[in-house]
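Read in order, the letters of the sequence shown correspond to residues 1 to 283 in UniProt numbering.
This report refers to the structure that appears directly beneath it.
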Amino acid sequence: MVDNRSDTFDIGGELTVHRLGFGAMRLCGPDIVGPPADEDGARAVLQRAADLGVDFVDTADSYGPGVSERLIREAGIADEMVVATKAGLLRNREGDWLPHGDPDYIRNQVLVSRDRLGVDTIDLYQFHRPDPDTPFEDSVETFAELKDEGLIAHVGLSNVSVEQLETARDIVDVATVQNRYNPGDKEADRGSDRVLDACEEYGIGFIPWFPLGAGDMDEKVDVIAEVADAHDATPEQVTLAWHLQHSPATLPIPGTSSVAHLEENVAATELELTEEEITRLNE
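Here you go:
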């Protein structure tokens with residue numbers, strides 16, 4: 001039986017999770033708007049993830065919006081997993097992602113997310129994206145206040161620079177950072193190398209979004225395929241194994257709406273890449 005054999009990380013120094021988690025964004029309709037065609041199937045994916053030892057799930061109020069959080073509650077896994085959600089983006093029917101970091105909005109959204117998830121305290125609440133129309137410090141201060149009030153246990157950031165991380169750390173203890181990251185293009189996909197270095201230094205979890213690059217790794221495609229053939233694995237499994245071996249702070253959260261694909265992802269925790277393979281993937 002496949003199970004989650006990744007090692008563990010202590011989010012905020014106290015929430016121990018296996019480093020391979022699950023991203024629940026794909027459990028929504030097209031463009032991440034509305035419910036999925038098969039809600040029972042979506043709940044089954046979440047339940048299967050828990051059965052396989054996945055104990056960290058990442059979502060956001062903007063996924064659906066609200067759909068992903070609701071499905072997590074309905075799947076009955078909130079007590080079995082560390083649940084991370086986010087606030088800071090508005091949605092519309094066209095599928096746009098609109099930054100909105102107004103403190104009053106964040107305060108409203110934490111109450112909505114607690115209700116959808118069916119929890120009194122959100123384990124990890126993340127600022128989804130800095131808002132150019134709201135001072136970054138004002139948004140982060142709101143998250144700090146929510147933590148002080150017991151509505152959330154830990155604060156995370158997303159889509160931030162090293163400088164923004166340092167600014168936030170002057171305001172509140174930062175447990176995680178979630179930025180785009182995968183072994184693909186050096187500029188687009190590896191642009192957060194400095195952020196990852198800072199996370200390692202400070203004991204902050206680094207959650208790579210777009211961890212598989214949607215299967216499009218540009219010039220890395222051939223290398224990944226060769227490594228996959230050598231291990232009788234899929235390219236996606238090789239990419240996840242790279243994440244897990246690349247840094248002890250990294251918490252990849254691949255998402256899927258398929259139980260079979262979920263099981264393939266979890267099986268990647270059994271894959272051990274050689275130092276030479278890691279070097280080739282890093283080049």
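Beta carbons are placed, not taken as given, at the ideal position from N, Cα and C, and that holds for glycine.
How is the alpha helix (DSSP H) around residue i delimited, first residue to last?
i      : result
Leu281 : Glu275 to Asn282
Arg91  : Segment Leu89 to Arg91 is the beta strand (DSSP E) holding Arg91; no alpha helix (DSSP H) there.
Tyr202 : Asp193 to Tyr202
His246 : Pro235 to His246
Pro103 : Pro103 to Leu117
Val223 : Val221 to His231
Leu146 : Phe136 to Asp148
His261 : Val259 to Ala267
Going by beta-carbon coordinates alone, are residue i and residue j separated by less than 8 Å?
i      : j      : result
Asp58  : Ile204 : no
Leu240 : Arg48  : no
His18  : Val54  : yes
Glu74  : Arg43  : yes
Thr85  : Asp120 : no
Val172 : Val140 : yes
Asn182 : Leu212 : yes
Pro130 : Pro99  : yes
Gly156 : Tyr202 : no
Gln237 : Ala260 : no
Looking only at its own chain, which residues have a Cβ that is under 6 Å from the Cβ of residue i, when we skip the five neighbours before and after it?
i      : result
Tyr63  : Met25, Cys28 and Ile32
Gly255 : Gly23, Met25 and Arg26
Asp10  : Thr16
Return the chain-ordered list of same chain residues with a C-beta closer than 8 Å to the C-beta of residue i, the five sequence neighbours on each side being excluded.
i      : result
Val195 : Val160, Ser161, Val162, Leu165, Val177, Asn179 and Phe206
Trp209 : Gly23, Ser158, Gln178, Asn179, Arg180, Tyr181 and Ile253
Whose C-beta lies closer than 7 Å to the C-beta of residue i among residues of the same chain, with five residues either side of it excluded?
i      : result
Thr142 : Pro103, Ile106 and Arg107
Ser247 : Leu196, Glu200 and Phe206
Gly76  : none
His128 : Ala60, Ser62, Lys86, Ala87, Gly88, Leu89 and Ser158
Applying the 10 Å Cβ sphere with the 16-neighbour rule, what's the burial state of residue i?
i      : result
Asp189 : buried
Asn4   : buried
Glu69  : buried
Ala175 : buried
Thr250 : buried
Asp96  : exposed
Asn265 : buried
Ala230 : exposed
Ala87  : buried
Asp123 : buried
Which residue marks the beginning of the beta strand (DSSP E) containing residue i, and which one marks its end?
i      : result
Thr8   : Thr8 to Ile11
Phe206 : Gly205 to Trp209
Gly156 : Ile152 to Ser158
Ile122 : Ile122 to Phe127
Asn179 : Val174 to Arg180
Val57  : Phe56 to Asp58
Determine, using beta carbons only, whether residue i comes closer than 8 Å to chain B.
i     : result
Asp51 : Going by chain labels, chain B is absent from the structure shown, which holds only one protein chain.
Given 8 Å, three or more beta-carbon pairs between the stretch 90-97 and the stretch 147-159: no
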